[in-house]
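Below: one structure, written as structure tokens.
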Ligand code: WT7
């Protein structure tokens, strides 16, 4: 049984690890018993203009206003760049590998610092001030990292948008955050194709201008990635490279309060539009930096490859802020894992001598299918630690990752966390904690998980329940941009006094956590978090759709896939041939291709309770063909609806 499998820490690994078992115990006890001194001690890992005297303040009760190190001042870009210049300015901060094999850039800390300062001056020259929002909509290019750090340098708040979002997705986010300036590219490359980012941007801005009240967005900087000829609107659009080349290469960093916002990152919830999760400077940076070092056993100069896009929190914390604060070399890949042929990732690990590799189970499962052929001719001997994130990893994928990819030499760290937590929360420190395939294992020092049963009662010992966190930690989100009430409501009202993650989990006899997945209406497709409400809203914008309900169903590679039940305005199920595919495409256009459902089922009615609530539990069973396990349908307003759907599925 995979559950019983245990991989002990190798003494040779523990001997030189950043954190061994005894240190882990000391840290954990210290963090629990003397939290303020513990966190202030950890804060020493950052460079401060003024070192804080205060650690954490506030609680998860009432209005949930928490702050960390609030009397300290610092700048995130200084921590990523300037602090390394004196001794390691010539070290490679970033390796960029283009989709084209020969397109490679090695950027030293000194060069990155200079480019960041130049862009920071450009932004200032264009009227961006401290506290203003600057959005990016870029593929995986060096400029994406430069833009984030340039914002941090001048105290602007970065809002990074995934390049897979649609025009409406971009418009909605720009509208919500009120960005003044947007940095995009002519085009992005993806698996041999081009994504017309500037064209999509232009559509998004049209939509935004059309919206009531207009928008404060006045400037667009365009990075030339493919060199495509794209329309530039005079007065609004500027060539990024020309402005940066002409700018002053020195820029004094803004002195930021620890609690000044660093970033807004949109993520999906179970209801409504994506919400802008806000992280502040000091606590977030400490958490990204500390977790990157201890979870990946990071050493200065290590080449660290986190495969996440910069548009997700994983890209923020483990492509940019974690590795760079720690003086690591971060690796950025423009392409996809198996293009132009399977095995590209493994060859790149050898080519760039990657020491730590961090990816998602969905990618591991996809790559496992191409193996063993795709692994041949690569040694992956440079790897020391392997990481997994984004969704539960099944034991089979874990074992393949550990044995086939890591050759049995590398610990596998399964890391549980969320956009809202800022950084890793539950994971095995590789020199301290034995791994069990499929378990994220133990909380990091200072993190207090609580499992709450369906009556809201915290469980002790071996148990199962909703995963909550007691006690604030530095990396946690502070609010939802523009809607603090929604923040309190979403995370702190279900179980008063606790942060509710939205995940379910089990704790075994060793205290290990096994994440079982979302317990709300959030669906995790290939590690991308998608709200059912968002997809339903997208269906709603199609002329023919009256109503829809979206559920997650198991998928071998993606973890989960989206299944949608759609009721047409005409009521009938017998619509034009190909309408299902058209509806799926429509959602892809509205939200981005990643959110297009795999399965669209036309229905004449949806199963609802007497109070009108859609019974998703039943829809999930219908979509997966478990027609004999529908459970209690007696609370339905009209139980015959279920029978009709089951019949429909059989056709
Ligand atoms: C959701 C958060 C955290 C960065 C990537 C996603 C799921 C995340 C694990 C894991 C099982 C996991 C949870 C969580 N999740 N890591 N190791 N094991 N599930 O960030 O988009 O905010 O999604 O991803 O369901 O709530 P996100």
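Residue numbers (my numbering): 48 to 698. Heads up, the beta-carbon is just placed ideally off N, CA and C, and yes, glycines get one too. What you are looking at is a predicted structure, and each value in this text was computed from that prediction instead of being measured.
Residue i and residue j look like a contact to me (Cβ under 8 Å); what is the Cβ gap, rounded to whole Å?
{"i": "residue 135", "j": "residue 156", "result": "6 Å"}
{"i": "residue 493", "j": "residue 445", "result": "Contact flag wrong, Cβ pair sits at about 26 Å."}
{"i": "residue 236", "j": "residue 189", "result": "Actually they do not touch by this definition, with Cβ atoms about 14 Å apart."}
{"i": "residue 226", "j": "residue 254", "result": "With a Cβ gap of about 14 Å, residue 226 and residue 254 do not count as contacting."}
{"i": "residue 142", "j": "residue 277", "result": "Not really, about 28 Å apart at Cβ, beyond 8 Å."}
{"i": "residue 551", "j": "residue 386", "result": "Residue 551 to residue 386, Cβ: 36 Å. No contact."}
{"i": "residue 381", "j": "residue 144", "result": "7 Å"}
{"i": "residue 337", "j": "residue 92", "result": "6 Å"}
{"i": "residue 363", "j": "residue 303", "result": "With 8 Å as the limit, residue 363 and residue 303 do not qualify as a contact, their Cβ atoms being about 17 Å apart."}
{"i": "residue 71", "j": "residue 476", "result": "6 Å"}
With DSSP collapsed to three states, give me the class of residue i.
{"i": "residue 713", "result": "With the chain covering only 48 through 698, there is no way to say anything about residue 713."}
{"i": "residue 570", "result": "strand"}
{"i": "residue 423", "result": "coil"}
{"i": "residue 60", "result": "helix"}
{"i": "residue 527", "result": "strand"}
{"i": "residue 589", "result": "coil"}
{"i": "residue 71", "result": "helix"}
{"i": "residue 402", "result": "coil"}
{"i": "residue 684", "result": "coil"}
{"i": "residue 546", "result": "strand"}
{"i": "residue 463", "result": "strand"}
{"i": "residue 561", "result": "strand"}
{"i": "residue 177", "result": "coil"}
{"i": "residue 160", "result": "helix"}
{"i": "residue 362", "result": "helix"}
{"i": "residue 577", "result": "strand"}
{"i": "residue 594", "result": "strand"}
{"i": "residue 412", "result": "helix"}
{"i": "residue 479", "result": "coil"}
{"i": "residue 65", "result": "coil"}
{"i": "residue 76", "result": "helix"}
{"i": "residue 436", "result": "strand"}
{"i": "residue 505", "result": "strand"}
{"i": "residue 539", "result": "helix"}
{"i": "residue 500", "result": "coil"}
{"i": "residue 611", "result": "strand"}
{"i": "residue 519", "result": "coil"}
{"i": "residue 582", "result": "helix"}
{"i": "residue 697", "result": "helix"}
When the Cα atoms are used, what is the spatial distance from residue i to residue j?
{"i": "residue 653", "j": "residue 596", "result": "8 Å"}
{"i": "residue 202", "j": "residue 562", "result": "37 Å"}
{"i": "residue 664", "j": "residue 602", "result": "17 Å"}
{"i": "residue 676", "j": "residue 668", "result": "7 Å"}
{"i": "residue 594", "j": "residue 673", "result": "23 Å"}
{"i": "residue 291", "j": "residue 207", "result": "20 Å"}
{"i": "residue 699", "j": "residue 170", "result": "Within the shown structure, residues of the chain are numbered from 48 to 698, placing residue 699 beyond reach of any answer."}
{"i": "residue 685", "j": "residue 698", "result": "22 Å"}
{"i": "residue 281", "j": "residue 217", "result": "21 Å"}
{"i": "residue 405", "j": "residue 394", "result": "16 Å"}
{"i": "residue 447", "j": "residue 478", "result": "21 Å"}
{"i": "residue 54", "j": "residue 313", "result": "37 Å"}
{"i": "residue 473", "j": "residue 230", "result": "34 Å"}
{"i": "residue 196", "j": "residue 634", "result": "33 Å"}
{"i": "residue 106", "j": "residue 288", "result": "46 Å"}
{"i": "residue 502", "j": "residue 454", "result": "45 Å"}
{"i": "residue 109", "j": "residue 642", "result": "35 Å"}
{"i": "residue 649", "j": "residue 568", "result": "20 Å"}
{"i": "residue 267", "j": "residue 413", "result": "37 Å"}
{"i": "residue 84", "j": "residue 99", "result": "11 Å"}
{"i": "residue 573", "j": "residue 295", "result": "42 Å"}
{"i": "residue 507", "j": "residue 78", "result": "20 Å"}
{"i": "residue 331", "j": "residue 114", "result": "11 Å"}
{"i": "residue 513", "j": "residue 646", "result": "29 Å"}
{"i": "residue 384", "j": "residue 518", "result": "39 Å"}
{"i": "residue 127", "j": "residue 117", "result": "20 Å"}
{"i": "residue 592", "j": "residue 604", "result": "30 Å"}
{"i": "residue 644", "j": "residue 361", "result": "24 Å"}
When you compare the CB of residue i with every CB in chain B, is at least one pair closer than 8 Å?
{"i": "residue 88", "result": "Among the chains of the structure shown, chain B does not appear; only one protein chain is present."}
Quiz prompt | Those runs of the alpha helix (DSSP H) which lie wholly inside the region 280 to 342 and span at least 4 residues | solution = 287 to 293 and 328 to 342
Exercise. Could I get the ranges of all uninterrupted alpha helix (DSSP H) runs contained in the region 106 to 149, with 4 residues as the minimum, in chain order?
Key: 130 to 135
Quiz item: Counting only runs that start and end within the region 176 to 262, where is the alpha helix (DSSP H) found for 4 or more residues in a row?
Solution: 189 to 201, 214 to 224 and 244 to 257
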